[in-house]
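Trainee: The structure is given below, and queries will be raised subsequently.
Number of protein chains: 2
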Amino acid sequence: MRDFSQDISALALNTATLGHNLDGYGAGWPPERVIDACAARGLGGIVFWRREIGRRSVEIGDRVRAAGMQVVGLCRTPYLVGRDAPAGLDEAKASIDMAAGLGAPVLTIVTGGTEPGTKGVLESQKILAERVAAIAGYASERGVKLALEPLNPMFGGNRTVLMTVADAVRVCDMAGAPNVGVAVDVYHVWWDSALAEGLAAAGPDRILGYHLCDWLENTRDMLLDRGMMGDGVADLKVLRAAVEGAGYAGPCEVEVFSSSDWWRRDPSAVLDVMVDRFRTVC
Amino acid sequence: MRDFSQDISALALNTATLGHNLDGYGAGWPPERVIDACAARGLGGIVFWRREIGRRSVEIGDRVRAAGMQVVGLCRTPYLVGRDAPAGLDEAKASIDMAAGLGAPVLTIVTGGTEPGTKGVLESQKILAERVAAIAGYASERGVKLALEPLNPMFGGNRTVLMTVADAVRVCDMAGAPNVGVAVDVYHVWWDSALAEGLAAAGPDRILGYHLCDWLENTRDMLLDRGMMGDGVADLKVLRAAVEGAGYAGPCEVEVFSSSDWWRRDPSAVLDVMVDRFRTVC
Numbered sequence: 341m342r343d344f345s346q347d348i349s350a351l352a353l354n355t356a357t358l359g360h361n362l363d364g365y366g367a368g369w370p371p372e373r374v375i376d377a378c379a380a381r382g383l384g385g386i387v388f389w390r391r392e393i394g395r396r397s398v399e400i401g402d403r404v405r406a407a408g409m410q411v412v413g414l415c416r417t418p419y420l421v422g423r424d425a426p427a428g429l430d431e432a433k434a435s436i437d438m439a440a441g442l443g444a445p446v447l448t449i450v451t452g453g454t455e456p457g458t459k460g461v462l463e464s465q466k467i468l469a470e471r472v473a474a475i476a477g478y479a480s481e482r483g484v485k486l487a488l489e490p491l492n493p494m495f496g497g498n499r500t501v502l503m504t505v506a507d508a509v510r511v512c513d514m515a516g517a518p519n520v521g522v523a524v525d526v527y528h529v530w531w532d533s534a535l536a537e538g539l540a541a542a543g544p545d546r547i548l549g550y551h552l553c554d555w556l557e558n559t560r561d562m563l564l565d566r567g568m569m570g571d572g573v574a575d576l577k578v579l580r581a582a583v584e585g586a587g588y589a590g591p592c593e594v595e596v597f598s599s600s601d602w603w604r605r606d607p608s609a610v611l612d613v614m615v616d617r618f619r620t621v622c
Numbered sequence: 341m342r343d344f345s346q347d348i349s350a351l352a353l354n355t356a357t358l359g360h361n362l363d364g365y366g367a368g369w370p371p372e373r374v375i376d377a378c379a380a381r382g383l384g385g386i387v388f389w390r391r392e393i394g395r396r397s398v399e400i401g402d403r404v405r406a407a408g409m410q411v412v413g414l415c416r417t418p419y420l421v422g423r424d425a426p427a428g429l430d431e432a433k434a435s436i437d438m439a440a441g442l443g444a445p446v447l448t449i450v451t452g453g454t455e456p457g458t459k460g461v462l463e464s465q466k467i468l469a470e471r472v473a474a475i476a477g478y479a480s481e482r483g484v485k486l487a488l489e490p491l492n493p494m495f496g497g498n499r500t501v502l503m504t505v506a507d508a509v510r511v512c513d514m515a516g517a518p519n520v521g522v523a524v525d526v527y528h529v530w531w532d533s534a535l536a537e538g539l540a541a542a543g544p545d546r547i548l549g550y551h552l553c554d555w556l557e558n559t560r561d562m563l564l565d566r567g568m569m570g571d572g573v574a575d576l577k578v579l580r581a582a583v584e585g586a587g588y589a590g591p592c593e594v595e596v597f598s599s600s601d602w603w604r605r606d607p608s609a610v611l612d613v614m615v616d617r618f619r620t621v622c
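As you go down the protein sequences, you meet chains S and A in turn.
Just remember that the numbering used here sits 340 ahead of the position in the first sequence, which is counted from 1.
Just remember that the numbering used here sits 340 ahead of the position in the second sequence, which is counted from 1.
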């Protein structure tokens with residue numbers, strides 16, 4: 341029987357969980373305070389967002405490691421397809437540079453939506469694969485892996501053209517680069533009865549992240565109403581067993597966007613609850 | 341090459357498209373006026389909602405047929421699983437009686453959400469299959485087929501435990517009744533790269549409906565911001581070809597929930613646009 345009260349070093353904080361100081365949410369903690377609070381609780385790592393890093397990537401990365409933790413990843417490239425994708429790949433390459441500066445082994449890709457002039461997702465997936473292939477070598481030279489993150493299908497249209505792990509794996513295959521894989525987020529995949537097949541197709545070397553939160557029974561906002569683990573209907577132990585059963589051995593990263601609940605709480609209390617829930621329900 | 345400017349008799353109105361007189365939306369047209377407006381435009385049929393029918397099922401059904409159309413279906417049973425499902429199956433049987441009274445060959449099932457005390461969707465799907473099996477004979481005796489409608493995964497938790505056609509087919513198989521099949525709605529399945537496999541597993545006899553609308557690039561409301569065909573990113577011709585390629589030969593039913601746009605327009609104008617879009621983009 342698996343022991344789910346395991347070492348907290350398997351746990352990582354995605355700073356979005358603390359409101360990442362965005363749009364008036366969060367307590368305004370600078371990265372240093374987040375690092376100290378995570379280290380004090382025995383976490384294994386942190387995932388940052390670009391907006392928190394600015395020109396301080398090397399400094400912040402070193403600070404995390406000095407505190408005994410790892411920079412687990414960086415969120416994220418700009419969109420690569422869809423109406424809101426910037427022209428060219430310069431910003432994507434700059435995000436790779438930032439991940440390398442931080443010492444983050446994984447940079448997450450949220451793809452952006454359906455490419456203008458096309459319908460559905462398949463044509464956009466092909467364009468996406470070409471653009472991923474065009475930056476994969478640049479990332480590889482800098483020691484960075486690229487994690488394609490499928491989003492809940494409700495984000496189709498303007499935010500994603502990857503709705504399932506199977507979608508992401510297909511684009512990995514099309515991109516054909518060894519440092520391109522998949523990020524698996526409970527919020528986006530909890531409902532997928534075919535998840536195990538998608539994970540098997542990915543294989544252990546291409547599962548580059550596992551993101552924890554919960555799906556609330558009554559989700560009031562598509563983007564900013566995620567639940568803390570245990571407060572929703574996602575079968576968290578089964579999901580983790582599936583991801584680890586497919587060979588993933590990396591950290592579990594907690595990423596809770598919650599403008600009406602968790603982002604309004606004291607960050608210290610949020611971290612304490614997060615650690616407790618990780619021990620008990622994940 | 342398929343001729344997509346085909347006979348309008350393949351087109352059916354789901355009255356939800358006119359706001360179905362709900363919560364102050366819609367123009368308050370009684371069923372008779374809806375029937376006359378559809379017949380005048382050459383539509384083949386209408387799908388009603390229970391709240392519009394009351395005790396007049398036989399009268400309204402006869403009126404539709406006298407106008408040269410068919411009652412294509414009835415929306416819908418109460419939830420069968422989840423916190424909001426009524427106790428017992430009496431209301432479900434009453435909805436079957438209403439469908440039979442109307443002469444509607446198909447009654448749609450939106451399943452309801454994750455069963456209390458469980459997590460994820462698989463356990464709820466098993467309970468759902470038992471309850472569907474428990475009403476399937478009653479429906480069969482009354483000439484009514486039951487159409488399990490998978491919903492976009494964003495409706496997981498409180499509204500559905502079926503997220504894909506493949507999910508619905510699996511529950512059909514578990515229920516084991518010959519009059520149980522699947523309803524395929526563009527809004528819910530447009531994103532699914534595995535749709536063709538799900539439709540093939542259903543087979544021609546179990547695809548009981550095809551619902552048209554569009555997925556807007558920027559969907560502002562999960563429930564009530566559907567687009568009219570042509571205004572979004574769903575690949576409507578490919579979707580219809582997939583459904584008909586799997587053997588479906590029934591009507592195309594337009595179902596647009598749109599509280600901020602189409603429900604605020606004159607119903608006559610909505611019907612005219614609907615007919616035009618069906619001819620040109622579906």
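A virtual CB, placed ideally from N, CA and C, is assigned to each residue, including glycine.
In the DSSP assignment, what residue or residues form a beta bridge with E593 (chain A)?
Mentor: By one-based count along the second sequence, residue 593 (chain A) stands at place 253. Beta-bridge pairing links E593 (chain A) to A:A352 and A:H551.
Trainee: Determine the extent of the beta strand (DSSP E) in which C622 (chain S) is found, giving its start and end residues.
Mentor: Translated into the one-based positions of the first sequence, residue 622 (chain S) becomes position 282. First-last for C622 (chain S): undefined, no H or E at that position.
Trainee: Determine the closest residue to V387 (chain A) out of A:R381, A:P371 and A:R395, with distance taken between C-alpha atoms.
Mentor: As a working mapping, residue 387 (chain A) is identified with position 47 in the second sequence. Taking only the C-alpha atoms, the option nearest V387 (chain A) is A:P371.
Trainee: I'd like to check one pair, R482 (chain S) with R491 (chain S): are the Cβ atoms closer than 8 Å?
Mentor: The residue labelled residue 491 (chain S) in the question sits at position 151 within the first sequence. The residue labelled residue 482 (chain S) in the question sits at position 142 within the first sequence. Reading off the sequence, residue 491 (chain S) comes out as Leu, not Arg. No, the Cβ-Cβ distance between L491 (chain S) and R482 (chain S) is not below 8 Å.
Trainee: Buried or exposed: where does T620 (chain A) fall if 16 or more other Cβ atoms within 10 Å of its Cβ makes it buried?
Mentor: In the second sequence, the residue the question calls residue 620 (chain A) occupies position 280. The residue is exposed, with fewer than 16 neighbouring Cβ atoms inside 10 Å.
Trainee: Check each residue of the segment 396–412 of chain S: if its Cβ is closer than 8 Å to any Cβ of chain A, include it; give the result in chain order.
Mentor: Within the segment 396–412 of chain S, no residue has a Cβ that lies closer than 8 Å to any Cβ of chain A.
Trainee: If you compare alpha carbons, which of S:D612, S:S480, S:A444 and S:A406 is closest to G413 (chain S)?
Mentor: As a working mapping, residue 413 (chain S) is identified with position 73 in the first sequence. Looking at the Cα atoms, S:A444 is the closest of the given residues.
Trainee: Should the segment 509–520 of chain A be regarded as contacting the segment 468–482 of chain A, the criterion being three or more beta carbon pairs within less than 8 Å?
Mentor: The segment 509–520 of chain A is in contact with the segment 468–482 of chain A.
Trainee: So which of S:V613, S:V446, S:L502 and S:L353 has the shortest CA-CA distance to A487 (chain S)?
Mentor: For this step, residue 487 (chain S) is matched to residue 147 along the first sequence. Looking at the Cα atoms, S:V446 is the closest of the given residues.
Trainee: State the Cα-Cα distance for the pair N519 (chain S) and L502 (chain S), rounded to the nearest angstrom.
Mentor: Counted from its first residue, the first sequence places residue 519 (chain S) at position 179. Counted from its first residue, the first sequence places residue 502 (chain S) at position 162. Computed Cα separation, rounded: 18 Å.
Trainee: Where DSSP assigns a beta bridge to L502 (chain S), which residues make up the other side?
Mentor: Here the question's residue 502 (chain S) lines up with position 162 in the first sequence. BP columns for L502 (chain S) are empty, so no partner.
Trainee: Could you tell me the alpha carbon to alpha carbon distance between L429 (chain A) and D565 (chain S), rounded to whole angstroms?
Mentor: If you number the second sequence from 1, residue 429 (chain A) lands on position 89. If you number the first sequence from 1, residue 565 (chain S) lands on position 225. Using only the alpha carbons, I get a separation of about 33 Å.
Trainee: In angstroms with no decimal places, state the Cα-to-Cα distance between S349 (chain A) and W531 (chain S).
Mentor: In the second sequence, the residue the question calls residue 349 (chain A) occupies position 9. In the first sequence, the residue the question calls residue 531 (chain S) occupies position 191. Cα to Cα, S349 (chain A) sits roughly 37 Å from W531 (chain S).
Trainee: Runs of 4 residues minimum, wholly inside the segment 463–547 of chain A: which ones carry the alpha helix (DSSP H) assignment?
Mentor: List check, alpha helix (DSSP H) in window: 505–515, 526–529 and 535–542.
Trainee: With a threshold of 16 other CB atoms inside 10 Å of the CB of N354 (chain S), please say whether the residue is buried or exposed.
Mentor: Start at 1 with the first residue of the first sequence, and residue 354 (chain S) comes out as number 14. Buried: at least 16 other Cβ atoms inside 10 Å.
Trainee: Considering only the beta carbon of each residue, do P607 (chain S) and A407 (chain S) sit closer than 8 Å?
Mentor: Along the first sequence, one-based indexing puts residue 607 (chain S) at 267. Along the first sequence, one-based indexing puts residue 407 (chain S) at 67. No; because the gap between Cβ atoms is not below 8 Å, this pair is not in contact.
Trainee: Chain A beta carbons: is any one of them nearer than 8 Å to that of D507 (chain S)?
Mentor: The residue labelled residue 507 (chain S) in the question sits at position 167 within the first sequence. It does: the Cβ of D507 (chain S) has a partner Cβ on chain A nearer than 8 Å.
Trainee: Do Y550 (chain A) and V578 (chain A) have their beta-carbon atoms positioned less than 8 Å apart in this structure?
Mentor: Counting from one through the second sequence, the residue named residue 578 (chain A) turns up at place 238. Counting from one through the second sequence, the residue named residue 550 (chain A) turns up at place 210. Not in contact: V578 (chain A) and Y550 (chain A) (Cβ atoms no closer than 8 Å).
Trainee: Indicate whether at least one CB of chain S lies closer than 8 Å to the CB of P493 (chain A).
Mentor: Sequence index remark: in the second sequence, residue 493 (chain A) carries index 153 (1-based). Judged by the 8 Å Cβ criterion, P493 (chain A) is in contact with chain S.
Trainee: Check the Cβ of W531 (chain S) against every Cβ in chain A and list those closer than 7 Å, keeping chain order.
Mentor: Your numbering for residue 531 (chain S) matches position 191 in the first sequence. Near W531 (chain S) (Cβ distances below 7 Å), the residues of chain A are V461, P493, G496 and M503.
Trainee: What's the C-alpha gap between R342 (chain S) and M409 (chain S)?
Mentor: What you label residue 342 (chain S) is simply residue 2 of the first sequence in a count that begins at 1. What you label residue 409 (chain S) is simply residue 69 of the first sequence in a count that begins at 1. Confidence at R342 (chain S) is low in this model, with a pLDDT of 44, below 50, so the placement of that residue is unreliable and no value is reported for it.
Trainee: Hey, could you find the ends of the alpha helix (DSSP H) G401 (chain S) is sitting in?
Mentor: Here residue 401 (chain S) refers to the residue found at position 61 when the first sequence is read from its first residue. Run containing G401 (chain S): S397 to A406, per the alpha helix (DSSP H) assignment.
Trainee: Report yes or no: is there a C-beta of chain S within less than 8 Å of the C-beta of E489 (chain A)?
Mentor: Position 149 of the second sequence holds residue 489 (chain A). Taking Cβ atoms only, chain S never reaches closer than 8 Å to E489 (chain A), which makes this a no.
Trainee: Should A439 (chain S) be counted as a contact of the ligand PLP given a C-beta to heavy atom distance under 7 Å?
Mentor: Only the bare structure without any ligand can be found here, which leaves the ligand PLP out of the picture.
Trainee: For the beta strand (DSSP E) containing L442 (chain S), name the first residue and the last one.
Mentor: For this step, residue 442 (chain S) is matched to residue 102 along the first sequence. First-last for L442 (chain S): D430 to L442, but that is the alpha helix (DSSP H), not the beta strand (DSSP E).
Trainee: Taking the C-alpha atoms as reference points, what is the distance between V613 (chain S) and P493 (chain A)?
Mentor: Locating residue 613 (chain S) in the first sequence gives position 273, counting from the first residue. Locating residue 493 (chain A) in the second sequence gives position 153, counting from the first residue. Roughly 28 Å separates the two Cα atoms.
Trainee: Using beta carbons (cut-off 8 Å, strictly below), is D575 (chain A) in contact with chain S?
Mentor: As a first step, residue 575 (chain A) must be located in the second sequence, where it is residue number 235. By this cut-off, D575 (chain A) is an interface position.
Trainee: Give me the chain S residues within the contact set of G323 (chain A), using Cβ-Cβ distance strictly less than 8 Å, ordered along the chain.
Mentor: An answer regarding residue 323 (chain A) cannot be provided, because it is not within the stretch 341 to 622 covered by chain A.
Trainee: Tell me whether A609 (chain A) sits in a helix, a strand or coil according to DSSP, three-state version.
Mentor: Taking the second sequence and counting its residues from 1, the one referred to as residue 609 (chain A) is at position 269. Helix at A609 (chain A).
Trainee: Distance, Cα to Cα, L358 (chain S) vs I393 (chain S)?
Mentor: Counting from one through the first sequence, the residue named residue 358 (chain S) turns up at place 18. Counting from one through the first sequence, the residue named residue 393 (chain S) turns up at place 53. Roughly 15 Å separates the two Cα atoms.
Trainee: Contact check, A573 (chain S) vs G460 (chain A) under 8 Å by CB: the rounded distance?
Mentor: Position 233 of the first sequence, counted from the first residue, corresponds to residue 573 (chain S). Position 120 of the second sequence, counted from the first residue, corresponds to residue 460 (chain A). The sequence shown places Val at residue 573 (chain S), rather than the Ala named in the question. With a Cβ gap of about 7 Å, V573 (chain S) and G460 (chain A) count as contacting.
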